[in-house]
DNA sequence: CATTCATATGAACACTTGTTCATTTGTTGT
DNA sequence: ACAACAAATGAACAAGTGTTCATATGAATG
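Chains as they are written, first to last, in our numbering: chain G, 9 to 128; chain X, 9 to 128.
So this is what it looks like as structure tokens:
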């Protein structure tokens, strides 16, 4: 491929002014990438269900697995994804590890999410 | 597999009360599924970038493709996903189809998203 | 310190998803 | 009606992701 444009639109009608305006106001690539990564973490039904469990109460891995009728391994893997993305935190108590939502931001996003889906 | 539980936790320590409480307060399966599907749509950097284009101005397929330096086909496919999920709407003007954000809800989610990612 | 239990982790596989390429649809202008 | 162009669509392929199975860690208890 060449440097700038390849076989995109050779279209001549392109609205240069709009493109310039939009381009000027677009957030940085990196911000948009991080944002999509964040949404991606929420975009899995198992993880969403886990988050909603923790919305109600802190829980250990085994309890979540029991409640969601899934294997301990699957839940543990997903919890590690959630933790890596700072959506949950954990605290150890003997052999048991209790997970909970990381902060109020996560609560807010979940709250708004359900609202959006249930209303209208 | 049996009916209720299979080879989950045979763990005896399960916290029955917590599980009962959480189970009682969990939103319906369907709601959580729809919610994860919604987040999934936001969870792709191409779609996020398209949405942010439209956040600034309505645009036609070709303009978006030019701005994002991607093929017309790729953009068109993604727009169809966004439209199917009611995040964007379109209006035809001759040969050109202009896309824009579907409603203020979408704006709000994007706004909150960037805030969350950029701050802190 | 060996055993047991709760959790974590690695590898593998099936499934999903985004892009490309080729083609089609639908609209305008001649 | 035909040519030209913007957009949409289908098939196919590559890359990413979630679960399972097997196993490892790490903490408590006897």
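For glycine and all other residues, C-beta sits at the position ideal for the given N, C-alpha and C.
Worksheet item: Hey, quick one: how far does the alpha helix (DSSP H) through residue 105 of chain G stretch, first residue to last?
Response: In the DSSP assignment, residue 105 of chain G falls outside any alpha helix (DSSP H) and lies within the beta strand (DSSP E) extending over 104 to 109.
Worksheet item: By how many angstroms is the C-alpha of residue 42 of chain G removed from the C-alpha of residue 66 of chain G?
Response: For residue 66 of chain G and residue 42 of chain G, the gap between their C-alpha atoms comes out near 27 Å.
Worksheet item: Do you know offhand how far residue 94 of chain X's Cα is from residue 110 of chain X's?
Response: Between the C-alpha atoms of residue 94 of chain X and residue 110 of chain X there is a straight-line separation of about 6 Å.
Discussion item. Just to confirm before moving on: does the CB-CB distance between residue 122 of chain G and residue 126 of chain X stay below 8 Å?
Written reply: Here residue 122 of chain G is not near residue 126 of chain X, since their CB atoms are 8 Å or more apart.
Item to complete: With distances taken Cα to Cα, identify the nearest neighbour of residue 116 of chain X among X/68, X/50, X/105 and X/74.
Response: For residue 116 of chain X, the nearest C-alpha among the options comes from X/50.
Practice prompt. Could you say if the stretch 76 to 93 of chain X and the stretch 81 to 90 of chain G meet the contact criterion of at least three C-beta pairs nearer than 8 Å?
Written response: No, because fewer than three Cβ pairs between the stretch 76 to 93 of chain X and the stretch 81 to 90 of chain G fall closer than 8 Å, the two stretches do not touch.
Discussion item. List, in chain order, every chain G residue whose beta-carbon is nearer than 7 Å to that of residue 100 of chain X.
Written reply: The contacting residues do not exist; residue 100 of chain X stays about 15 Å from chain G at best.
Worksheet entry | Contact with chain X by residue 60 of chain G, beta-carbon distance below 8 Å | Yes, because at least one Cβ of chain X sits closer than 8 Å to the Cβ of residue 60 of chain G.
Item to complete: Could you name the residues of the same chain whose beta carbon sits closer than 6 Å to that of residue 83 of chain X, not counting the 5 residues immediately before and after it, in chain order?
Response: Cβ neighbours of residue 83 of chain X beyond the five flanking positions: 69, 72 and 73.
Discussion item. DSSP three-state label for residue 45 of chain X, please.
Written reply: In this structure, residue 45 of chain X counts as helix in the three-state DSSP scheme.
Discussion item. For residue 91 of chain X, list the residues DSSP reports as bridge partners.
Written reply: According to DSSP, residue 91 of chain X bridges with nothing at all.
Worksheet entry | Host beta strand (DSSP E) of residue 96 of chain X (start-end) | Its beta strand (DSSP E) spans residues 96 to 101.
Worksheet item: What is the DSSP secondary structure of residue 152 of chain X, reduced to helix, strand or coil?
Response: It is not possible to answer for residue 152 of chain X, since the shown part of chain X is limited to 9 through 128.
Discussion item. Using beta carbons (cut-off 8 Å, strictly below), is residue 87 of chain G in contact with chain X?
Written reply: Not one chain X Cβ lies under 8 Å of residue 87 of chain G.
Practice prompt. Leaving aside the five residues before and after residue 106 of chain G along the sequence, list all residues of the same chain whose C-beta is less than 6 Å from its C-beta, in chain order.
Written response: 66, 68 and 99, listed in sequence order.
Worksheet item: Going along the chain, which residues of its own chain have a beta-carbon closer than 7 Å to the beta-carbon of residue 96 of chain X, five neighbours each way excluded?
Response: So the list reads 62, 87, 90, 107, 108, 109 and 110, once near-sequence residues are dropped.
Worksheet item: Quick one: is residue 36 of chain G buried, meaning 16 or more other Cβ sit within 10 Å of its Cβ, or exposed?
Response: Exposed, by the Cβ-count rule.
Item to complete: Have a look at residue 46 of chain X and residue 48 of chain G and give me their C-alpha separation to the nearest angstrom.
Response: Their backbone Cα atoms lie some 10 Å apart in a straight line.
Item to complete: Taking only beta-carbon positions, decide if residue 40 of chain X is within less than 8 Å of chain G.
Response: Answer yes: the Cβ-Cβ gap between residue 40 of chain X and chain G drops below 8 Å somewhere.
Practice prompt. Tell me, please, whether the CB atom of residue 43 of chain X is closer than 8 Å to any CB atom in chain G?
Written response: Using a CB distance cut-off of 8 Å, residue 43 of chain X counts as an interface residue toward chain G.
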